[in-house]
Amino acid sequence: MSTDKSTATPESLNFIEEIVEADLASGKHRHILTRFPPEPNGYLHIGHAKSICLNFGLAQKYGGKTNLRFDDTNPVTEETEYVDSILDDVRWLGFEPANIFYASDYFDQLYAWAIQLIRDGKAYVDFSSPATIADMKGTPTEPGTDSPYRNTSPEENLTLFEKMKAGAFPDGHCVLRARIDMASPNMHMRDPILYRIKHAHHHRTGDKWNIYPMYDWAHGQSDCIEGITHSICTLEFIPHRELYNWLIEQLNIPAPVPHQYEFARLNLTYTVMSKRKLLQLVRENHVRGWDDPRMPTISAYRRKGYTPESIRNFAQRIGVAKRENLIELSLLEFFIREDLNKKAQRRFAVLDPLKVVITNYPEDQVEWLETDNNPEDEHAGKRQLAFSRELYIERDDFMENPPPKYFRLSPGSMVRLKSAFIIKCDSVVKDDSGNITALHCTYFPESRSGQDTSGLKTQGVIHWLSASNAKQAEVRLYDRLFRVEDPAAEEDFKQTINPDSLHIVENAMIEPALAEVSTGETFQFTRLGYFCVDPDSTPERIVFNRTVTLKDTWAKEKTKSV
RNA sequence: UGGGCCAUGGUGUAAUGGUAACACAGCAGAUUUUGGUUCUGUUAUUCAGGGUUCGAGUCCUUGUGGCCCAACCA
């Protein structure tokens, strides 16, 4: 459904769309081909979602295609488990790659090209130690120095490289370097390493290779092989672009060659996004796994109850630019509320039950009252709610000494039980320690929802459950994982972990209608928030995750008065 | 401090030399049998100095500030 707004306002393009349109208009490219190139060494996060939406979105908008390419050039960090999860996540977001490729598909071609470079005197085998190579690299303000191996003849280099490939040398014994410029102001041009020796098992090529290409010697070349037109990556790769272009030039690839463009990665408040930090959270058990709903991974958002639409809308809204940014989490939450408000059926659940006895209601009577499944969706239908003498309400929907503007129950006050009756609180029942254990109320039979002739008015409307009909469930309430807006900026981000990021309600009360649900189903618990059925659920025990709370202006009001 | 990238409300993103706009957040109100939703109103922005121009967020220049680059990671 396209709104008038999107078509009426003149369309503004992000800088990459402008480039694409210019390239299409000039005839440089007839079709575009983008790629999403994750390294399969971890789970995808919301920052990757931005890149996925950008790359696939561009292709959809301009009639092109997008490849998924696993950048698997480092066998010691990469695993098939990650490959599978990445593909799942891309598809869940709603995108289907035109092709699924692996950088390792191109190892033979890369090797052949390396030989070409050596023959042309543009690459050499260096036996210097890692420390020596680092020393010779110089510093950003001082030029580097030439390696003693820099002028080895192409013939000898060919032999040496052959031996590297054949496994004649142990790990780290030597490397293949491009012969460029040890005095370049760009550190990446100071004879970068192209191949290193790793006698490691690769998740796809097995034990075939003893040498593996570095990122710079795989990425642009893979782009060439696939015919990528626009190779889009994040800002920190800007210094690599000169090398990206240089390596392509040396290979005499026919035009048009791919071009690298860079955009600013996504940062979210109260979130860390680096794979290293996320891995740490998992390894050190600060969370229950990669898909723990407190994580910013795509699989975690899915488990938490986020929809693909909400994430795509979010990605669209935050835009694409080259400026460092820190997006407020509230924007992401806005999009999931917006989506779920239209889609999620409403149900009653009481997380912290307080018993209410309707003293003027017959002991054994149960009546069924009708309520909307979703007031935002006329096609969502209705359901029946059991009403009886003993009910549960939310404990914080009652206050013995209410502050001003408190619309809920308090001694002597009245409140509407949603879709049911108005009740009045007559007395409070306490145990020996003074804890409130129940409320005695009376109801007004003529105030029945939809046929109210009582003439009574209440400001407050609360949800409730018939005690004898309610079932139990586990409900997991999540809060932000970090206490500070930008945990990555801290000396130690783990010091800012929020100790209360997970609150488990073992015995929440739910409508009987919620007893039969399946994993992934999403509901709005009226007045509480959106909740999603967790895969930990069993037929005996349903587990819900809170996706996001509802906006709560009363909570805000409370903090104001304090 | 060698090189590079960037600078617009609280947060993001537009405005392509011609009235600084959109979304979120905030605030106020209306509606509401969810303190939800919806609707209305509202606060608040061009890093600084100089220059070009009838006119500059935009072009030039000098500063300032932030980020990136010295992994056999990607």
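With this note's numbering applied, the first sequence closes on residue 1842, and no number is skipped along the way. From the three backbone atoms N, C-alpha and C, an ideal C-beta is built for every residue, glycine too. The model shown is predicted, which means the values in this text are computed figures rather than measured ones.
Check                                                                                                               : Outcome
Rounded separation between LYS1662 and ALA1793 - CA only                                                            : 12 Å
N- and C-terminal bounds of the alpha helix (DSSP H) containing GLU1301                                             : 1295 to 1306
Unbroken stretches of the beta strand (DSSP E), 3 residues or longer, contained in the stretch 1747 to 1823         : 1751 to 1758, 1782 to 1790, 1802 to 1805 and 1809 to 1813
Per-residue DSSP class, three states only, for MET1494                                                              : coil
Unbroken alpha helix (DSSP H) run spanning ILE1505, endpoints                                                       : 1499 to 1506
Alpha-carbon to alpha-carbon, PRO1355 and ASP1451                                                                   : 13 Å
Inter-stretch contact (C-beta, 8 Å, three-pair minimum) for the stretch 1526 to 1534 and the stretch 1749 to 1763   : no
SER1707 versus SER1713, MET1575 and HIS1720, residue with shortest Cα-Cα distance                                   : HIS1720
For VAL1567, the three-state DSSP class (helix, strand or coil)                                                     : coil
Residue closest to HIS1453, alpha-carbon to alpha-carbon, out of VAL1300, LEU1440 and PRO1767                       : LEU1440
Alpha-carbon to alpha-carbon, SER1690 and ASN1681                                                                   : 7 Å
Coil, strand or helix - TRP1372 by DSSP                                                                             : helix
Limits of the unbroken beta strand (DSSP E) element including TRP1648                                               : 1647 to 1652
Validate contact between the stretch 1759 to 1773 and the stretch 1720 to 1740 using beta carbons, cut 8 Å, 3 pairs : no
MET1469 vs ASP1461 beta-carbon contact at 7 Å                                                                       : yes
Proximity of ALA1383 and SER1502 at Cβ, strictly below 7 Å                                                          : yes
Proximal residues to VAL1300 (C-beta, below 7 Å), its chain only, five neighbours per side dropped                  : ILE1312, LEU1338, TYR1342 and HIS1510
Where SER1282 falls, given that 16 or more other Cβ within 10 Å makes a residue buried                              : No answer about SER1282 holds up, because its pLDDT of 32 lies below 50 and its placement is not dependable.
Given 8 Å, three or more beta-carbon pairs between the stretch 1591 to 1602 and the stretch 1324 to 1333            : yes
Per-residue burial, ASP1709 [other beta carbons within 10 Å of its own, 16 or more giving buried]                   : The question names Asp, yet the displayed sequence has Val at residue 1709. Its Cβ having fewer than 16 others within 10 Å, VAL1709 is exposed.
THR1799 vs PRO1819 beta-carbon contact at 7 Å                                                                       : no
Short Cβ contact (7 Å threshold) for ALA1788 with ALA1629                                                           : yes
Same chain, Cβ closer than 8 Å to MET1553, five either side skipped, listed in chain order                          : HIS1325, ILE1326, GLY1327, ARG1545, LEU1546, ASN1547, PRO1576 and ALA1768
Neighbour-count burial assignment, TRP1489, 16 or more Cβ in a 10 Å radius                                          : buried
The stretch 1612 to 1624 touching the stretch 1776 to 1788, judged by at least three CB pairs closer than 8 Å       : no
Beta-carbon separation (whole angstroms), PRO1317 vs VAL1363, contact threshold 8 Å                                 : Going by Cβ atoms, the distance from PRO1317 to VAL1363 rounds to 13 Å, so no, they are not a contact pair.
Neighbour-count burial assignment, ASP1406, 16 or more Cβ in a 10 Å radius                                          : buried
Anticipated Cβ contact below 8 Å, ARG1696 with VAL1741, distance rounded                                            : 4 Å
Coarse secondary structure for TRP1489, derived from DSSP in three states                                           : coil
Helix, strand or coil at THR1829 [DSSP, three-state]                                                                : strand
Given 8 Å, three or more beta-carbon pairs between the stretch 1473 to 1483 and the stretch 1425 to 1434            : no
Simplified DSSP assignment, three categories, for ILE1332                                                           : helix
Close Cβ partners of PHE1381 (< 6 Å) along its chain, the five nearest in sequence each way excluded                : ASN1347 and ARG1349
PRO1538 burial status per 10 Å Cβ neighbour count (16 or more: buried)                                              : buried
ARG1484 versus PHE1387 - alpha carbon distance                                                                      : 11 Å
Test item: CB-CB of THR1806 and HIS1743 under 7 Å                                                                   : yes
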